[in-house]
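Sequential numbering from 21 applies to the sequence shown in this note's numbering. Here a beta-carbon is modelled for each residue, glycine too, at the ideal position from N, C-alpha and C. Working notes, beginning with the structure itself.
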Amino acid sequence: MPELPEVETVRRGLEPVMEGARFVRVEARRPDLRRPLPRDFVKRLEGKTVTGIGRRAKYLTVDLSSGDVLLMHLGMSGSMRVAMDGTPSRGKQARAARAEEAPGDFHHPRSVTLPHDHVVFHMSSGATVTFNDPRRFGLMLIVPRSELSSHPLMRKVGPEPLGNAFDAGVLAAACAGKKTSLKAALIDQKVVAGVGNIYACEALHRARLSPRRQASTIAARGGAPNARAHALVDAIKAVLNDAIKAGGSSLRDHRRTNGDLGNFQHHFRVYDREGEPCPTPGCNGTVRRIVQNGRSTFFCPVCQK
Ligand SMILES: [Zn+2]
Numbered sequence: 021m022p023e024l025p026e027v028e029t030v031r032r033g034l035e036p037v038m039e040g041a042r043f044v045r046v047e048a049r050r051p052d053l054r055r056p057l058p059r060d061f062v063k064r065l066e067g068k069t070v071t072g073i074g075r076r077a078k079y080l081t082v083d084l085s086s087g088d089v090l091l092m093h094l095g096m097s098g099s100m101r102v103a104m105d106g107t108p109s110r111g112k113q114a115r116a117a118r119a120e121e122a123p124g125d126f127h128h129p130r131s132v133t134l135p136h137d138h139v140v141f142h143m144s145s146g147a148t149v150t151f152n153d154p155r156r157f158g159l160m161l162i163v164p165r166s167e168l169s170s171h172p173l174m175r176k177v178g179p180e181p182l183g184n185a186f187d188a189g190v191l192a193a194a195c196a197g198k199k200t201s202l203k204a205a206l207i208d209q210k211v212v213a214g215v216g217n218i219y220a221c222e223a224l225h226r227a228r229l230s231p232r233r234q235a236s237t238i239a240a241r242g243g244a245p246n247a248r249a250h251a252l253v254d255a256i257k258a259v260l261n262d263a264i265k266a267g268g269s270s271l272r273d274h275r276r277t278n279g280d281l282g283n284f285q286h287h288f289r290v291y292d293r294e295g296e297p298c299p300t301p302g303c304n305g306t307v308r309r310i311v312q313n314g315r316s317t318f319f320c321p322v323c324q325k
């Protein structure tokens, strides 16, 4: 499943071709995604202009001139493909989009229709944005902007790990009193948004903390952060920033919107590296795999305490 860096990579790919552009035509080819598309999906998009593209946790939020937000989740296997139409509509926006694609990043031959292309946006920038999702766990909803933060999918989502509001105090407070493992706490979206199995393993290794340690041990009595909480927050921010720089990790289906693969998987220190030597300088440990809450955890039992 894509985690924060993969979703952020997709957001950055969509921004130059969607922001400021209008939905000229929307095709909803297969309405039965994880949740059915809203009945008036096409009507609420066509003719509206995108005023901004954001991300909250693993969701993309597309702000519309109507005051609605198009909320999108890539699910397990979803991807967005951008193709530039040869005949963009006239206007400043189209020119801007053409200028932005100059490096060639988003320039592809007129795309063929693939099976599992479920939703297609034809934008006034000349871009065609196609949502492809073989397993159909993805999701597209339209929610009034004023109701977004109280929406059931958003209401309980914790702080953004790359935001200023996320620090050792916040993480320690969320973990204080938690009897679960530290790994389980990190992938809990209520504790911190957008971190999943891969980046939880990688952050714990960087912070040299055992995934099996009880979550509450990063807080002092009373909930104040200790040195472990500070190290862990620094590690989470660092690994997410490094992964975004690398275009995310390509496991199974994650692709950037231009079809390229992200390459952070080549920089994993422990994830999917069972039996390999621990990369921590001076450590002679071997990466182990254990199963926690039904998910694989990779860690070094020597330097992660
Ligand atoms: Zn080690």
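Distance, residue j Cα to residue i Cα
i, j, result
"residue 70", "residue 134", "26 Å"
"residue 72", "residue 301", "43 Å"
"residue 89", "residue 28", "17 Å"
"residue 236", "residue 57", "41 Å"
"residue 309", "residue 44", "49 Å"
"residue 81", "residue 151", "15 Å"
"residue 101", "residue 276", "8 Å"
"residue 239", "residue 186", "15 Å"
"residue 292", "residue 178", "27 Å"
Heavy atom of ligand 3 within 8 Å of residue i beta-carbon
i, result
"residue 324", "Ligand 3 is not among the ligands present in this structure, which contains only ligand 1."
Simplified DSSP state of residue i, which is helix, strand or coil
i, result
"residue 127", "Because the pLDDT at residue 127 is just 39, under 50, the model does not fix this residue reliably, and the point stays unresolved."
"residue 101", "strand"
"residue 167", "helix"
"residue 144", "coil"
"residue 35", "helix"
"residue 94", "coil"
"residue 137", "strand"
"residue 293", "coil"
"residue 229", "coil"
"residue 151", "strand"
"residue 254", "helix"
"residue 122", "The pLDDT assigned to residue 122 is 35, lower than 50, so where the model puts this residue is not dependable; a value taken from the coordinates is nonetheless given after this. Residue 122 falls in the coil class under three-state DSSP."
Beta-carbon contacts of residue i that lie in its chain and below 7 Å, excluding the five residues immediately before and after
i, result
"residue 257", "181 and 182"
"residue 171", "163"
"residue 321", "305 and 308"
Nearest candidate by alpha-carbon position, reference residue i, set the options
i, options, result
"residue 156", "289, 54 and 318", "54"
"residue 251", "199, 224, 152 and 305", "224"
"residue 328", "221, 293, 215 and 237", "Lying outside 21 to 325, the shown extent of the chain, residue 328 is not represented and no answer is given."
"residue 33", "278, 315 and 316", "278"
"residue 304", "312, 295, 311 and 310", "295"
"residue 324", "221, 260 and 153", "221"
"residue 230", "282, 319 and 245", "319"
"residue 175", "76, 30 and 67", "76"
"residue 46", "78, 196, 67 and 31", "67"
"residue 312", "83, 228, 293 and 217", "217"
Cβ neighbours of residue i in the same chain (closer than 6 Å, five flanking residues each side left out)
i, result
"residue 49", "138"
"residue 193", "243"
"residue 245", "188, 189 and 192"
"residue 92", "80 and 160"
"residue 116", "Model confidence at residue 116 stands at a pLDDT of 48, short of 50, so the residue's coordinates are unreliable; what they give is reported in the following sentence. Cβ neighbours of residue 116 beyond the five flanking positions: none."
Residues near residue i in its chain [Cβ-Cβ closer than 8 Å; skip 5 each side]
i, result
"residue 105", "130, 142, 146, 147 and 148"
"residue 153", "53, 94, 95, 97, 98, 99, 136 and 138"
Min CB distance residue i to chain D below 9 Å
i, result
"residue 93", "Any reference to chain D falls outside this structure, which holds one protein chain only."
- Task: Give a yes or no on contact between the segment 48-68 and the segment 148-166, applying the rule of three or more CB pairs nearer than 8 Å.
- Result: Result yes; three or more Cβ-Cβ pairs closer than 8 Å.
- Would you call the segment 282-293 and the segment 201-210 in contact, with 3 or more CB pairs under 8 Å? Not touching, per the Cβ criterion.
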